[in-house]
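K.L.:
Take a look at the following structure, please.
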Amino acid sequence: MNVRRRFVWRRSGGRAELTVESRDGRSVTFKTEGDEIVADLAELPDGRRSVILPSGRQLTGRAATGPDGRAEAWIGARRIDVELADPLLDLAAESAHAAGGAAEIRAQIPGRVVEVRVAPGDHVAAGATLLVLEAMKMQNEIRADSAGLVARVDCSPGQAVETGAVLVRIESEPVA
Amino acid sequence: MNVRRRFVWRRSGGRAELTVESRDGRSVTFKTEGDEIVADLAELPDGRRSVILPSGRQLTGRAATGPDGRAEAWIGARRIDVELADPLLDLAAESAHAAGGAAEIRAQIPGRVVEVRVAPGDHVAAGATLLVLEAMKMQNEIRADSAGLVARVDCSPGQAVETGAVLVRIESEPVA
Amino acid sequence: NRGEIAVRVFRACRDLGIETVAVYSDADRTALHVTMADYAVRLGPAPSAESYLSIPRILEAAKKTGAALVHPGYGFLAESADFARACSDAELTFVGPSPSAIEAMGAKTTSRALMQWAGVPVVPGTTTPARDAGELAEFAREAGYPILIKATAGGGGKGMRRVDSQEDLSSGFARASAEAQASFGDGSVYAEKLLLQPRHVEVQVVGDRHGHRVAVGERECSIQRRHQKVVEECPSPAVGPELRRRLLSAAVAAAETVGYDSCGTVEFLLAPDGSFYFLEMNTRLQVEHPVTEMVWGVDLAAEMIRIALGESLSFTADDLAPRGHAIECRLYAEDATRGFTPSPGVVSRLRMPEGPGVRNDVGIEAGSAVPIDYDPMLGKLVVAGADRDEVIGRLSRALDEYEIAGVETTLPLFRALVRDPEFRAAAFHTQWLDEWIGGRSLGPPEAAVEEAFLAAGCISIDGGTPARARQDRGSRWRASARVEALRPPHHPSRGFRP
Amino acid sequence: NRGEIAVRVFRACRDLGIETVAVYSDADRTALHVTMADYAVRLGPAPSAESYLSIPRILEAAKKTGAALVHPGYGFLAESADFARACSDAELTFVGPSPSAIEAMGAKTTSRALMQWAGVPVVPGTTTPARDAGELAEFAREAGYPILIKATAGGGGKGMRRVDSQEDLSSGFARASAEAQASFGDGSVYAEKLLLQPRHVEVQVVGDRHGHRVAVGERECSIQRRHQKVVEECPSPAVGPELRRRLLSAAVAAAETVGYDSCGTVEFLLAPDGSFYFLEMNTRLQVEHPVTEMVWGVDLAAEMIRIALGESLSFTADDLAPRGHAIECRLYAEDATRGFTPSPGVVSRLRMPEGPGVRNDVGIEAGSAVPIDYDPMLGKLVVAGADRDEVIGRLSRALDEYEIAGVETTLPLFRALVRDPEFRAAAFHTQWLDEWIGGRSLGPPEAAVEEAFLAAGCISIDGGTPARARQDRGSRWRASARVEALRPPHHPSRGFRP
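Protein chains in written order, with the working numbering: chain A, 1 to 176; chain B, 1 to 176; chain C, 1 to 498; chain D, 1 to 498.
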C-alpha cells in the first residue's frame, strides 16, 4: 500500500502542517515544521498501533477521525487532545468561525427536565442556570456558556428528553 | 426469525435426538427424550449467549460447529464436551466408523524432528514411541495410540515440520 | 449499586461454596452479575420501583429458586427494616443486622438521640424530621450558618444540600426534599450544623449473633465530591494510635446500643482539633469495605454471610494484624472532563490494571451497557502496599493502565489527584475536593509531537474512520453533543479543549 | 520467560518512577511487554541466539536509549556471569548479584562443594561435570539407583532426567546433555542421588551492598511436572516454626558464603524425616516470587532495583510481618487435556479473574501471539487469603472465572487439582504430581442436558459457524489435528473424548 497524507495540526501554539508517507504501511515517514523522522508503525491484533521512533521511544494507541476531520485519539489507556484536520475542512471551519450565530443548548444525556429557569426574551449572563435536568438520580444544572438572548425554549418541566435534543436557543448579542 | 433444528446428541450414554425451536430467537423451546422446556436465550455483546431455564438456572456460554458437525462449546470459562451432529453427518460418521483403515500420525505442533525410532515394516505396540519431536525447548515423544504395522515414515531427523504434517502411517492389523 | 456489589457478594459465596441467585430488571438481562450467577430471576421493567425496590418480587424470586439467604448489597433496600422483616417473615435469612437495629440507625434523627444517650458525641442538629423550611430556620438561627440539610432516610450524598444563608434556605429545603423523595421514597429531611474543614473518618464494626463485637480499624473518606465519596483509604493518615483507640471504642459503644450483629460502619466527623462527632451508622456492607479487607486481612463479605448463618466471628480483636495501607478509587460513569455529567452508554473497551497490590471490583465487562436508570458507579480500583507512598506509586501506575472507552469516567480526576502535592501529603478535608476541582480543567492533555505522529499514522493508514475505531464513534458523537451543550458551536477549534 | 517477567519488572519501575526500555525479537514486536514500555529496541530475529541471548545487541540497545539499569528477568541470560560482567564493563548497572556470586552458584558442582564447606547439608552427588555416561555409572553404583542427571548450567527442569537402572543410563545421559546444550548452550551434566518422596522447599533471601542479608520465609514448590514447578505456595504446609528457623539460617549462611547482594533463592530438598539438603541457589528473581510478596508484604522486584541502585534493604528481619497464605498457579501454553503438548497460537479470548485475593501477573493480552520459539509460560495466577483453606476456596473460584481461548493451557490441571483431597491436605512430594496425572483424564466434562441445550441454541440461532466463533476455529482445527496424532481417525465419536 502506498500512503501519502497531509494534515493541518491545530494546537494551542497555532497551526502546523503534518504529513505522513509510507510505501508499505509499516515503515512510515513523519514530517512537521522541518522535523522529519522514519518510524516503525506496527498494527496490534486489537487494532491499536505501536510506533517506535528512531530514538527508541515507543507509543501505543489508536485514532480515528469523524466527518468533521477531528481526531479521537488514545495514547496508552488515555484519550489525548489532538486536532488533525483535512486542509479543506480546516478552511471551512475557519469561515464558520468568522460567521458567528446562535447557540443551541442540547441535552447532554437522556433525562427528565425538572425545572426551566428562563423564558424567550430573557437576557442571560455566561454561567447562568437555564434549566435543571435529572438523570441517574442526580439533578444537573444546565448553564449558558456565554451571555446572550434566549431566542426559544424548546422543552418544558416534566418532559423526557433524548441525547442531543435542543433545549434552549441563545442568540449571541453584539457586544455593546 | 423462525428457527427449527434437529440434532443427534452423542454422549457416553448413547445417542439422543435434541430439537431447538424458536420464533423470535429469544424465547426458545428445547426438546430431548421427552423433556420439553421453554427458556429465555439472550445474546451478550461479545457473542456469548445466556440461557435462563424455567427453574431459574442460568448458564452463559458459546458454541459453534465445524464442518464435521461437531460442536466447540464453552460454558462459563471452560470448554465442555458436547457432540451435536447433523442427522445426515451422523450417518456418514457411522459408516466411516465401520470401515476402519490406516492411521496417519500427524504433527501436533510445528517443531523439529529429533529422532525417528521406527522404520517401514515395523510392528508397533500401542504406546510405542515412534519419534521424538522438539518444540518450545522440550522434547516430546510421539507414541502410537494403537498397535499396527508401520506403512510409511514421512519425516527424517532434523527436519522441521508444520502443524498437521503427516509423520508416520500405521496400518491397523487384523486382530489375530 | 446493582452490578458491582452483586459480583462481590457472588464471589464471596463461591469462595464459601454457596450457589448464587441474581435478580435483574429488563435493563440488566445481560449484565455481568446475571451472567455469572447460577440462577437468575427477572424482577420487572427498568424503573427501580417495579424491580429492585419491589419487596414482593424479590421474595418471589427467592421462593422460586429455593434460596435460603438474601443479601441486600448496598443502595436500594439495603437499609430497609421492612425488607429485612419481610425476609424473616418469608423464612429467608437476611444477610444483615436485625430490623430493629436498621430502624434505630436508619432514621438519622433517632440515631442521633440514641448516640447522645450512649455518650457518643454528635454534631448539633435538629432531632425530628422537618416538614417545612420554617422548622429548620429556627435551628439555623441559633446554630448559625452554614447548615447542612440531609435526607432522614438518606445516604450517599443524595438529598443533601449546603445552605449558607437565610435566603437560600427554602430553595435548599425544596431541592433536598425532592431528591430524598426520588431516591428513597421519603422526602423528610433534617438539618445539622456544618463543621468547617472536617475529615470524614469511619470505623468498620463487625458483630455476630453471640454477642461478640469487634472494630476493624478506621477508614479515611474525606475525598468527596458533592458529599459523595470518591476516594477512600485505610488507615486514616490523620489518626494516631491514641485517637484510633478512642474512635474504635466509640464505634463499638454505638454498635452495642443497638445490639448490632452484622457488618456495619459508624461514621464520624473529625474536626481539625482532633474532636470527633457521630454522623450516622450505615447498617450494611460499605462500598469502601475493600480497603479495610486489604489492610486488616479479613473478608468482610464472607464474614457477613457466615454471621447470618449463625456462626461466631472468625476473629477476635487480638487476632487482627493490620499491615500496610490501601486506597480505593470509585469509578463512576461521569465525565470528569465536563463537570461530572452522567455518561451512560456502552463500554466499548475495558482494560483493567493488574499486577502487585491491585484489586479490581467491577460490575462491568467489555460490551456492558451502562443504563441511565441507575446509580452510575461502574466499580472500584483498590490498591494496597507497604505504606501510603508505595500505594500512591502503584495507584498512579494502575490508573495509567486503566482503559475504559464508550462511556466517560472519573479516571481523569484520579490521574490528576495522585499527582497532587496536597493529596500526596494527605492534607485534605470533606470540602477540599470540591474546591480543588473548582478551577481545574481535567480535560485530556494536548498531544506532544510524537503523539500527533502516532495519531496521524493511524488515521492515514487505517483510513478516515477505520472499522476498528467505529465502536468508539458512538461515544465520540455523544461527547461532541455534550460539547455543544456547554458552548456555542461557532468555536469549532475549541471543541476538544474544554 | 520474556513477556511475563518484563511486564512485572516494568510495573515495579513505574511504581518507582523509572522509565522502561523493552528489548524484543521479531516474534515479539507487538507483544505486551513491548507495547507497555516507554522505549523499545529490536534485538534481532526470533531465534534466542540472535536476540534474547545476544549480549552485544542487548548492550547496544541500552546504549542507544541511554538506559542506566539492566534487569535480566529470568531464563535466558538471567544467570550468566558473563552478561553481568559485560554490563558493568559497559558502565550499566546490572540488577542482580555480583558476577562472582553468579559464577559460584551457577556451576551446580562448584556450589555443592561451597555449601559442604559452609556446613550446609547437600544431596550426595558427583562434584565435577561429566563428559560421558561412564563417569556417572560409578557414582550410581555406590549411591544406588534411582539417580538424577542434571544440567550443570541448568534450571527449570530443562536437561534433567531420572535414571532408574544401569541400562537407561547412557540414553538418559544423551538426552539430558542434548537438552542442556539446546537450552543453556552448555551440554555438561552431573548426577545426584534421587531422594524418594522429598518436598521441594526453598527460601527467599535478600541481600544489599552494605552487608545486610535477610531471609524472607520459605516457599513450597513440590507440585512439579517433569521437574518443572507448576504450583507454588507460601508458607510451606510442611514447615513448622522450628524447622523454618533452621531452614532460614541455612539459607542465610549459603548467601553469606558468596557475599550475595540481591534477591535470590536457596532451594532445598526436604526429606519425609524432616532432614533437608541444599539443592541449588538461583541467583535471580524467581518465577514464584509473588507468593512471598503477598504473604510477607514486601515488593521483591522493586527491592531488587533499589538494591542495585545502592540503597540499603528497606526492612530488617524484625520489620517483617508475614500474614496468611498464598498459592500460585503457572499458566503454560500446554494442553493439559492431551499430555501437556505445547500449544502455540493466538490468544483469541482472555478473561482474567478479579476480586478479593486475586493477583494476575501475565505477559499476554487478547490477541497476543504465543510463538513456538520460546518457553510456553503465559503468566501466573496468584491468590492470597487468611489461611490455606480460604486461599483454596478463592483459587477454585478464580480458576472457574479464568477464560483463555485460542491456545490450550494448564487451567484444566489446576481446576482438577484444587478439588483433589490430597492436594487440599497438602499431602504431596516432588514426584506426586506426575503420579497423580498418570491415570487421570483432564479432558472437558461431558455436557449436562442444560449445557447441551445452550450449545444447541447457540448453533441453531447463530447458524452453523457464526462469525463470532470463527476466531476460535483455528484453535479447534489445531485441537483436532492433535487428536489425530494421538489416535487413528476411524473413531470419530471419540474425537472429543480424550
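Note that the Cβ used here is the ideal one computed from N, Cα and C, for glycine as well. Please read all numbers here as calculations on a predicted model, not as lab measurements.
1. Output the boundary residues of the alpha helix (DSSP H) element that contains D:Arg397.
2. For D:Leu247, which residues of its own chain have a beta-carbon under 6 Å away from its beta-carbon, when the five flanking residues on both sides are left out?
3. Closer than 7 Å, Cβ to Cβ, to anything on chain D: give me those residues from the region 239-256 of chain C, in chain order.
4. By alpha-carbon positions, which one of D:Gly324, D:Glu135 and D:Leu417 ends up nearest to C:Trp296?
5. Is the beta carbon of D:Thr410 less than 8 Å from the beta carbon of B:Asn140?
6. Are the C-beta atoms of B:Val38 and some chain D residue less than 8 Å apart?
7. Tell me which residues share the same chain as A:Leu53 and place their Cβ nearer than 7 Å to its Cβ, disregarding the 5 neighbours each side in the sequence.
8. Who are the near neighbours of C:Pro466 in its chain, counting only those whose CB is closer than 6 Å to its CB and skipping five residues on each side?
9. Taking 8 Å as the CB-CB limit, is C:Tyr52 close to chain B?
10. So who's on the other strand from C:Pro342, going by DSSP bridges?
11. Determine the contact status of C:Glu232 and C:Val291, defining contact as a CB-CB distance below 8 Å.
12. Classify C:Asn360 as buried or exposed, calling it buried when 16 or more other Cβ atoms lie within 10 Å of its own Cβ.
13. For A:Ala85 and C:Gly406, what's the separation of their Cα atoms in angstroms?
14. Could you please give the first and the last residue of the uninterrupted beta strand (DSSP E) stretch that includes C:Lys158?
15. What does D:Ala425 touch in chain C if you count any residue whose Cβ is under 7 Å from its own?
16. Would you say A:Ala42 faces chain D, with C-beta separation under 8 Å as the test?
17. D:Arg8 CB to nearest chain C CB: under 8 Å?
18. Sort C:Ala40, C:Thr127, C:Glu401 and C:Thr35 by Cα distance to C:Lys63 and report the nearest one.
19. Can you tell me where the beta strand (DSSP E) with C:Gly504 in it begins and where it stops?
20. Would C:Phe184 pass as a contact of C:Gly211 if the rule is Cβ separation under 8 Å?
21. Is there at least one Cβ from chain A nearer than 8 Å to D:Ile18's Cβ?
22. Apart from the five residues on each side of it in sequence, which residues of its chain come closer than 7 Å, Cβ to Cβ, to A:Val118?
23. Return the CA-CA distance between D:Val483 and D:Arg330, expressed in angstroms with no decimal places.
24. Hey, D:Val23 and D:Ala61 are a contact pair by Cβ (cut 8 Å); roughly how many whole angstroms apart?
25. If you measure beta-carbon to beta-carbon, which residues of the region 431-443 of chain D are closer than 7 Å to chain B?
26. Using a cut-off of 9 Å between C-beta atoms, extract the partners of D:Arg394 located in chain C.
27. With distances taken Cα to Cα, identify the nearest neighbour of B:Pro110 among B:Asp46, B:Val161, B:Arg26 and B:Met138.
28. Which one or two residues does DSSP pair with D:Gly264 in a beta bridge?
29. Quick one: does C:Met304 have its CB under 8 Å from some CB of chain D?
30. Between A:Ala77 and D:Ala191, what straight-line distance do the alpha-carbon atoms span, to the nearest angstrom?
31. For the beta strand (DSSP E) containing B:Leu149, name the first residue and the last one.
32. How long is the line joining the alpha carbons of C:Arg497 and A:Ile142, rounded to whole angstroms?
33. Check whether the region 18-32 of chain A touches the region 437-457 of chain C, counting contact only when three or more Cβ pairs, one atom from each stretch, lie closer than 8 Å.
34. Curious, which full-length beta strand (DSSP E) runs of at least 3 residues does the region 27-56 of chain D contain?
35. Assign C:Thr128 to one of two classes, buried (16 or more other C-beta atoms within 10 Å of its C-beta) or exposed (fewer than that).
36. Applying the criterion that 16 or more other CB atoms from any shown protein chain within 10 Å of the CB defines a buried residue, is D:Asp89 buried or exposed?
P.N.:
According to the structure data:
1. Within the fourth sequence, residue 397 of chain D is the residue found at index 397, counting from 1. Start and end: Arg388 to Glu401.
2. Mapped onto the fourth sequence, residue 247 of chain D falls at position 247. Around D:Leu247: Val203 and Glu218.
3. none
4. Looking up residue 296 of chain C in the third sequence gives position 296. With distances taken between Cα atoms, C:Trp296 lies closest to D:Gly324.
5. Mapped onto the fourth sequence, residue 410 of chain D falls at position 410. Mapped onto the second sequence, residue 140 of chain B falls at position 140. It is not a contact, given that the beta carbons lie outside the stated cut-off.
6. As a working note, residue 38 of chain B is residue 38 in the second sequence. No, because no Cβ of chain D sits closer than 8 Å to the Cβ of B:Val38.
7. Locating residue 53 of chain A in the first sequence gives position 53, where the first residue counts as 1. Around A:Leu53: Ile37 and Ala39.
8. Counting from one through the third sequence, the residue named residue 466 of chain C turns up at place 466. Here C:Pro466 scores only 31 on pLDDT, less than 50, and its place in the model should not be relied on; the value that follows carries that caveat. Within the same chain, C:Pro466 has no close Cβ partners at all.
9. On the third sequence, position 52 is the one that residue 52 of chain C refers to. Taking Cβ atoms only, chain B never reaches closer than 8 Å to C:Tyr52, which makes this a no.
10. For this step, residue 342 of chain C is matched to residue 342 along the third sequence. Per DSSP, C:Glu334.
11. By one-based count along the third sequence, residue 232 of chain C stands at place 232. By one-based count along the third sequence, residue 291 of chain C stands at place 291. Note that the C-beta distance between C:Glu232 and C:Val291 is below 8 Å.
12. On the third sequence, position 360 is the one that residue 360 of chain C refers to. Buried, because 16 or more other Cβ atoms sit within 10 Å of the Cβ of C:Asn360.
13. Here residue 85 of chain A refers to the residue found at position 85 when the first sequence is read from its first residue. Here residue 406 of chain C refers to the residue found at position 406 when the third sequence is read from its first residue. Between A:Ala85 and C:Gly406, the C-alpha separation is close to 23 Å.
14. Position 158 of the third sequence, counted from the start, is the residue given in the question as residue 158 of chain C. Counting along the chain, C:Lys158 falls outside any beta strand (DSSP E), and DSSP gives it neither H nor E.
15. Position 425 of the fourth sequence holds residue 425 of chain D. In chain order: nothing, as chain C lies at least about 17 Å away.
16. For the purposes of this step, residue 42 of chain A is taken as the residue at position 42 of the first sequence. Answer yes: the Cβ-Cβ gap between A:Ala42 and chain D drops below 8 Å somewhere.
17. Locating residue 8 of chain D in the fourth sequence gives position 8, counting from the first residue. Judged by the 8 Å Cβ criterion, D:Arg8 is in contact with chain C.
18. To locate residue 63 of chain C, count along the third sequence from 1; it is residue 63. Selected option, being the one with the closest Cα: C:Ala40.
19. Residue 504 of chain C cannot be examined here, being either before or after the span of chain C that is shown, 1 to 498.
20. Looking up residue 184 of chain C in the third sequence gives position 184. Looking up residue 211 of chain C in the third sequence gives position 211. Their beta carbons are not under 8 Å apart, which means C:Phe184 does not touch C:Gly211 by this criterion.
21. Locating residue 18 of chain D in the fourth sequence gives position 18, where the first residue counts as 1. No, D:Ile18 lies away from the interface with chain A (no Cβ there is under 8 Å from its Cβ).
22. The residue given as residue 118 of chain A occupies position 118 in the first sequence. Apart from sequence neighbours up to five positions away, the residues of its chain that approach A:Val118 with a beta-carbon distance below 7 Å are Val124, Leu130, Val150, Val153 and Val168, ordered along the chain.
23. Taking the fourth sequence and counting its residues from 1, one reaches residue 483 of chain D at position 483. Taking the fourth sequence and counting its residues from 1, one reaches residue 330 of chain D at position 330. Here the model assigns D:Val483 a pLDDT of 29, short of 50, so the residue's position is not dependable and the matter cannot be decided.
24. Residue 23 of chain D sits at position 23 when you count from the first residue of the fourth sequence. Residue 61 of chain D sits at position 61 when you count from the first residue of the fourth sequence. Between D:Ala61 and D:Val23 the Cβ distance is about 5 Å, and since that is below 8 Å, they are a contact.
25. Gly443
26. The residue given as residue 394 of chain D occupies position 394 in the fourth sequence. Identification of chain C residues near D:Arg394 by a Cβ-Cβ cut-off of 9 Å yields Arg11, Arg14, Asp15 and Asp299, ordered along the chain.
27. Start at 1 with the first residue of the second sequence, and residue 110 of chain B comes out as number 110. Nearest C-alpha to B:Pro110: B:Val161.
28. Here residue 264 of chain D refers to the residue found at position 264 of the fourth sequence. D:Gly264 is bridged to D:Val205.
29. Locating residue 304 of chain C in the third sequence gives position 304, where the first residue counts as 1. Judged by the 8 Å Cβ criterion, C:Met304 is not in contact with chain D.
30. By one-based count along the first sequence, residue 77 of chain A stands at place 77. By one-based count along the fourth sequence, residue 191 of chain D stands at place 191. The alpha-carbon atoms of A:Ala77 and D:Ala191 are separated by roughly 51 Å.
31. Numbered from 1 along the second sequence, position 149 holds the residue referred to as residue 149 of chain B. Unbroken beta strand (DSSP E) run through B:Leu149: Gly148 to Val153.
32. Your numbering for residue 497 of chain C matches position 497 in the third sequence. Your numbering for residue 142 of chain A matches position 142 in the first sequence. Only weak support is given to the placement of C:Arg497: the predicted model assigns it a pLDDT of 28, under 50, and the question is left unresolved by the model.
33. yes
34. 39-44
35. Translated into the one-based positions of the third sequence, residue 128 of chain C becomes position 128. By the neighbour-count rule (16 or more Cβ atoms within 10 Å), C:Thr128 is not buried but exposed.
36. Taking the first residue of the fourth sequence as 1, we reach residue 89 of chain D at position 89. Exposed, since its Cβ has fewer than 16 Cβ neighbours within 10 Å.
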